[in-house]
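Novice: Residue numbers (the UniProt record's numbering): 1 to 125.
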């Protein structure tokens with residue numbers, strides 16, 4: 001079975017800057033970078049080792065989600081298909097990472113990712 005670990009939490013919000021400042025001020029998160037992706041603001045924070053991404057709406061199907069990094073993406077996809085997991089997006093190789101979005105039984109959106117390079121939403125979205 002592939003090995004998973006919590007990688008990030010993504011918040012899709014209207015007030016990107018205000019939300020990022022909240023996590024910086026209240027919880028001591030550190031701003032790693034801010035960029036525009038397809039004209040949408042994206043801010044990446046580090047909160048005691050947890051990546052927290054705050055953005056406007058990048059994709060109406062995905063929005064808020066949690067991300068799990070996996071050590072063997074292809075094996076993970078095969079395992080999830082065998083177990084009947086619902087794929088929101090088909091697995092895709094973005095060059096910098098392999099990514100798929102799935103939904104759990106409660107409707108929570110989960111990103112499964114195997115990074116091949118340093119993370120950047122410019123190359124993944």
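A virtual CB, placed ideally from N, CA and C, is assigned to each residue, including glycine.
(1) Could you check whether the Cβ of residue 19 sits closer than 8 Å to any heavy atom belonging to the ligand FAD?
(2) By DSSP, does residue 69 sit in helix, in strand, or in coil?
(3) Is the segment 92-109 close to the segment 16-32, with three or more CB pairs under 8 Å?
(4) Spatial neighbours of residue 114 within its chain, please: CB distance less than 6 Å, with the 5 preceding and 5 following residues excluded, ordered by chain position.
(5) Relative to the alpha-carbon of residue 23, which residue among 63, 3 and 51 has its alpha-carbon at the smallest distance?
(6) With a CB to CB cut of under 8 Å and the five nearest residues on each side skipped, what residues in its chain are close to residue 117?
(7) What's the gap between the Cα of residue 25 and the Cα of residue 53?
(8) Please look up how many angstroms separate the CB atoms of residue 63 and residue 12, rounded, as I've assumed it's under 8 Å.
Specialist: A quick look at the data gives this:
(1) The model on display carries no ligand, and the ligand FAD is accordingly not part of it.
(2) The residue labelled residue 69 in the question sits at position 69 within the chain shown. Note: residue 69 maps to strand in three-state DSSP.
(3) no
(4) Here residue 114 corresponds to residue number 114 of the chain shown, with the count starting at 1. Closer than 6 Å at the Cβ level, and outside the excluded window around residue 114, lie 70, 73 and 98.
(5) Within the chain shown, numbered from 1, the residue matching residue 23 stands at position 23. The shortest Cα separation from residue 23 among 63, 3 and 51 belongs to 51.
(6) As a first step, residue 117 is located in the chain shown; it is residue number 117 there, counting from the start. Answer for residue 117: 95, 96, 97 and 123, listed in chain order.
(7) What you label residue 25 is simply residue 25 of the chain shown in a count that begins at 1. What you label residue 53 is simply residue 53 of the chain shown in a count that begins at 1. Using only the alpha carbons, I get a separation of about 16 Å.
(8) As a first step, residue 63 must be located in the chain shown, where it is residue number 63. As a first step, residue 12 must be located in the chain shown, where it is residue number 12. Confirmed, about 4 Å.
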